[in-house]
Amino acid sequence: HFNFITWHYLYMVGMTILGSIMLYPAGLMDYIDALFFAAGMATQSGLNTIDVNTLYTYQQVVMMLMTCICTPIFINTVVVFIRLYWFEKRFEHIVQEVRAQKRTKTRSIGSRSKSQMREGKDEDADPSKLEQGVRGISLPVNQEDQDAETPQSPFMGLNPRLNREITFADEVPASGRRSPELARVPSHRDVSKHIEFLQRQQNNAKKGGALYIPGPRDFDRGERPEELEEDLAIQRRKTRPTLGGRRSTDDPRGRGGSDTAKDSPGADHPRRGVTINLPDHPAHRDQMATVEKDDEEDGDGMSRLGRIKSALSLGRSHRNPGEHEHRSFAKTLTNLTHKKEDEDPMPYLSWTATTGRNSMFVGLTSEQREELGGIEYRALKLLAKILIAYYVGFHLLGMLILLPWIASTQPWKGIVRADGQNPVWWGIFTPASMFNDLGFTLTPDSMISFDNAILPLLFGSFLIIIGNTGFPCMLRFIIWFLSKVVRHGSGTWEELRFLLDHPRRCFTLLFPSKATWWLFWVLVLLNVVDLIFFIILDLDAGVVTDLSPGLRVLNGWFQATSTRTAGFSSVNLAALHAAIQVSYMIMMYISVFPIAISVRRTNVYEEKSLGIFGGEEDPGDDSDQSYVSQHLRRQLSFDLWYIFLGLFVIAVVEGDRIGNTNQYAFTTFSVLFEIVSAYGTVGLSLGYPGINASFSAEFRTTSKLVIIAMMIRGRHRGLPYALDRAILLPSEKLHKKEAEEAAVLTRRLTRRGSIFSE
Numbered sequence: 001h002f003n004f005i006t007w008h009y010l011y012m013v014g015m016t017i018l019g020s021i022m023l024y025p026a027g028l029m030d031y032i033d034a035l036f037f038a039a040g041m042a043t044q045s046g047l048n049t050i051d052v053n054t055l056y057t058y059q060q061v062v063m064m065l066m067t068c069i070c071t072p073i074f075i076n077t078v079v080v081f082i083r084l085y086w087f088e089k090r091f092e093h094i095v096q097e098v099r100a101q102k103r104t105k106t107r108s109i110g111s112r113s114k115s116q117m118r119e120g121k122d123e124d125a126d127p128s129k130l131e132q133g134v135r136g137i138s139l140p141v142n143q144e145d146q147d148a149e150t151p152q153s154p155f156m157g158l159n160p161r162l163n164r165e166i167t168f169a170d171e172v173p174a175s176g177r178r179s180p181e182l183a184r185v186p187s188h189r190d191v192s193k194h195i196e197f198l199q200r201q202q203n204n205a206k207k208g209g210a211l212y213i214p215g216p217r218d219f220d221r222g223e224r225p226e227e228l229e230e231d232l233a234i235q236r237r238k239t240r241p242t243l244g245g246r247r248s249t250d251d252p253r254g255r256g257g258s259d260t261a262k263d264s265p266g267a268d269h270p271r272r273g274v275t276i277n278l279p280d281h282p283a284h285r286d287q288m289a290t291v292e293k294d295d296e297e298d299g300d301g302m303s304r305l306g307r308i309k310s311a312l313s314l315g316r317s318h319r320n321p322g323e324h325e326h327r328s329f330a331k332t333l334t335n336l337t338h339k340k341e342d343e344d345p346m347p348y349l350s351w352t353a354t355t356g357r358n359s360m361f362v363g364l365t366s367e368q369r370e371e372l373g374g375i376e377y378r379a380l381k382l383l384a385k386i387l388i389a390y391y392v393g394f395h396l397l398g399m400l401i402l403l404p405w406i407a408s409t410q411p412w413k414g415i416v417r418a419d420g421q422n423p424v425w426w427g428i429f430t431p432a433s434m435f436n437d438l439g440f441t442l443t444p445d446s447m448i449s450f451d452n453a454i455l456p457l458l459f460g461s462f463l464i465i466i467g468n469t470g471f472p473c474m475l476r477f478i479i480w481f482l483s484k485v486v487r488h489g490s491g492t493w494e495e496l497r498f499l500l501d502h503p504r505r506c507f508t509l510l511f512p513s514k515a516t517w518w519l520f521w522v523l524v525l526l527n528v529v530d531l532i533f534f535i536i537l538d539l540d541a542g543v544v545t546d547l548s549p550g551l552r553v554l555n556g557w558f559q560a561t562s563t564r565t566a567g568f569s570s571v572n573l574a575a576l577h578a579a580i581q582v583s584y585m586i587m588m589y590i591s592v593f594p595i596a597i598s599v600r601r602t603n604v605y606e607e608k609s610l611g612i613f614g615g616e617e618d619p620g621d622d623s624d625q626s627y628v629s630q631h632l633r634r635q636l637s638f639d640l641w642y643i644f645l646g647l648f649v650i651a652v653v654e655g656d657r658i659g660n661t662n663q664y665a666f667t668t669f670s671v672l673f674e675i676v677s678a679y680g681t682v683g684l685s686l687g688y689p690g691i692n693a694s695f696s697a698e699f700r701t702t703s704k705l706v707i708i709a710m711m712i713r714g715r716h717r718g719l720p721y722a723l724d725r726a727i728l729l730p731s732e733k734l735h736k737k738e739a740e741e742a743a744v745l746t747r748r749l750t751r752r753g754s755i756f757s758e
């Protein structure tokens, strides 16, 4: 059984081999160089052993396209589509199973009814006890004796699908005492009026508003059921507190009537149940004591099918009016006037959920799990559309801005032509390389020829950031913006709210608000620190003295954004201050840390992945700090030994050149800089005198293989743990895993609550 990380390794290795096969036949390179380029394309490392400017256009097209299908955005988008497929497959299986159960049950009931009719046991079939009701429904009518003293209930035989909202009388006499008004209750009510009332009651269900049913004493004093306007109905309900925190949600189309009543003695008709919500408890957020319904009209199978249809529909506000809707709240004696819809923390669910750390839902029933799966499925469908628009849209935006600029602006148009490239192709290839953080350019000196071109440096910095390190921030901003412009309460709004509230249940690189802000400020801080060091330490460096102060700041900013992801160079790195080179090497190593830590600390199964959730220990108040420190320790243990092993192997292979004083540029620091650049999948290089390529071009074959291994291993640094909700497919095993963690969390909350109570 392969997990996500294993599949990711196979995909990276497979695309590397495939890319080398596509590049090598065109010529101009040895196979080791083709393999090196292919690894750089698959991992977006951007190191090159041959000047890209000298390659055929076909090879450059392969580089651009292969990179587009290997970026983190593309791969995680594919994961979303795979999860959508498994969601649909799972729901399809459930629907087929439910329909099969329904057919079996229908045949069983039909056979039993026929046998009862043959045996003459169907009392309701007596014509004297049947009346034709609304919509062709047969209503059993109890024919009473004229001298009967017990009045027949006026609420018998109502449609079971009507709204079950109860309106209480203002006063209730003490138990055992007879109210004076009850003494004047007539001993008999006309049956024809009773049937007429029932028909009126059911016809009102089709109309708008709400049906007010008076209490028994008010009914005896002459008051009759009346249809109220929606505003009056809401105002009347506001004066009635709800018990147990349970409220009924009226369908927007209106459903009048009630099926709750006291049955007259001897009445023979199905009994309807009452659901009671128990008070709040830390370990049992939503427990209910239910009196089961004693009729077989809606079995479990159809209820399950209805839930699935509701979960996959446009949302809670668009459900079938015939369905029984309710919202369960873990509150007691809550007045409806104190709870508005826009204050609902989870408006996309018909129940109030208890969530633990990182959107871990606790104590879900099978029905709630199906509803949660439905809104998650809808959110994934919307997220898939947003991701496609994001990926394609910013590619096109970069081309639409840089292509007209390079085609009409001198002297840079002439520079590109002098290097043997078409400006139009440059305007297509370069923004794609920036957005995908590839780092390859069609000019032999990277972006040094454009060190005084404001637009490509400024807009290129934007593309570099939103294509990698800033992608989670930009994606959440787009989702938040869409949630503000779509209609409030619509299905799309609910899906956007779910993505904002529970992002890591849906996507690996979408974080909660707090984590997103943390990532944003960390990125700003790192870029500003790089910029300050660049300005201060290279104040008098020859590579920047020819630039104006504004262009010097712009180049420092572009170089800072490229240091951790893209690997472009707008200045000669080998000519910079030694401290700047060291700072760039450190920044390349920690390039993935902000995103990697954000991915892992927002994991729904974070505690389980760290191995600290199997027991019952409580992490304490400083759990956030302890979690981050554990993630950092695991990251360092994953990285350091591999980097130093690679350095040792290359030092052995290239030892004679490292020790040769005549090759002054071939130093241990240059080797370490190249290794860290490859492992960080950045692509910066100190280069080597006399070549327009990376320092790796001077390595022997074994050393190049080590660099390839560094690229592939480093590409997997920012991946989530194998146990991550955003990459796991929906299955019974996943539900079992969630139930186990929820049980442990529930016990922890219960124990903590008991400690506080003491």
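Numbering (our numbering) for the sequence shown: 1 to 758.
Every residue gets a Cβ at the ideal spot worked out from N, C-alpha and C, and that includes glycine.
Please identify the residue among the options whose C-alpha is closest to the C-alpha of residue i.
i	options	result
Val-553	Asn-527, Ala-574, Phe-568, Ala-578	Asn-527
Trp-521	Gln-59, Arg-634, Asn-555, Ser-598	Ser-598
Phe-507	Met-585, Ile-643, Leu-719	Leu-719
Gly-542	Arg-564, Phe-533, Asn-572	Asn-572
Ala-566	Ile-75, Phe-4, Ile-532, Thr-71	Thr-71
Trp-425	Tyr-58, Arg-564, Val-80	Tyr-58
Leu-380	Gly-420, Glu-674, Leu-500, Ile-590	Leu-500
His-8	Pro-549, Ala-596, Asn-76, Leu-47	Asn-76
Pro-411	Phe-450, Phe-394, Asp-30	Phe-450
Phe-511	Gly-489, Ile-536, Val-524, Ile-478	Ile-478
Trp-641	Leu-387, Ile-675, Met-15, Gly-659	Ile-675
Ser-461	Ser-408, Asn-422, Asn-555, Ala-418	Asn-555
Tyr-679	Gly-420, Ile-5, Leu-47	Leu-47
Met-12	Cys-68, Pro-25, Leu-28, Asp-33	Cys-68
Val-79	Phe-4, Ile-532, Glu-223, Phe-533	Phe-4
Leu-496	Ala-26, Ala-384, Gly-222	Ala-384
Leu-634	Asp-656, Arg-600, Leu-463	Checking the displayed sequence, the identity of residue 634 turns out to be Arg instead of Leu. Closest by alpha carbon: Arg-600.
His-716	Leu-475, Phe-533, Ile-595, Pro-549	Ile-595
Glu-759	Phe-498, Val-392, Leu-463, Ile-448	One cannot answer for residue 759 here, as it falls past the ends of the chain, which runs 1 to 758.
Leu-684	Phe-593, Gln-60, Thr-563	Thr-563
Met-346	Gly-489, Arg-476, Met-15, Gly-222	Gly-489
Val-529	Tyr-584, Ile-386, Ser-569	Tyr-584
Thr-561	Ser-548, Ala-574, Arg-713, Ile-465	Ile-465
Met-399	Ile-386, Pro-423, Asp-419	Pro-423
What whole-angstrom Cβ distance do residue i and residue j have, given they're in contact under 8 Å?
i	j	result
Ile-406	Gly-427	5 Å
Arg-487	Trp-493	6 Å
Phe-435	Gly-467	4 Å
Leu-537	His-502	Not really, about 45 Å apart at Cβ, beyond 8 Å.
Leu-397	Thr-469	About 19 Å separates the two Cβ atoms, so there is no contact after all.
Ser-591	Val-671	About 19 Å; that fails the 8 Å criterion.
Phe-673	Gln-581	7 Å
Leu-519	Cys-473	6 Å
Glu-698	Phe-666	7 Å
Need the endpoints of the alpha helix (DSSP H) that residue i sits in, please.
i	result
Ser-583	578–589
His-395	366–408
Ile-69	No alpha helix (DSSP H) holds Ile-69; DSSP gives it neither H nor E.
Ala-418	412–418
Gln-559	549–561
Gly-14	4–23
Glu-654	Careful: Glu-654 lies outside any alpha helix (DSSP H) and carries neither H nor E.
Val-509	Note that residue 509 corresponds to Leu in the displayed sequence, not to Val. Here Leu-509 belongs to no alpha helix (DSSP H), and DSSP marks it neither H nor E.
Leu-35	31–43
Pro-472	471–485
Leu-500	491–501
Problem set entry | Three or more C-beta pairs below 8 Å linking the segment 701–711 and the segment 29–43 | Here the segment 701–711 lies against the segment 29–43, with 3 or more beta-carbon pairs under 8 Å apart.
For this session: Inspect the CB distances between the segment 45–54 and the segment 438–456 and report whether three or more fall short of 8 Å.
Result: Result yes; three or more Cβ-Cβ pairs closer than 8 Å.
For this session: Would you be able to state if there are at least three C-beta pairs under 8 Å between the segment 367–382 and the segment 77–91?
Result: Output reads yes: the segment 367–382 touches the segment 77–91.
Exercise. Quick check: the segment 14–30 against the segment 682–694, are there 3 or more CB pairs under 8 Å?
Worked result: Proximity of the segment 14–30 to the segment 682–694 falls short of the contact definition, fewer than three beta-carbon pairs being nearer than 8 Å.
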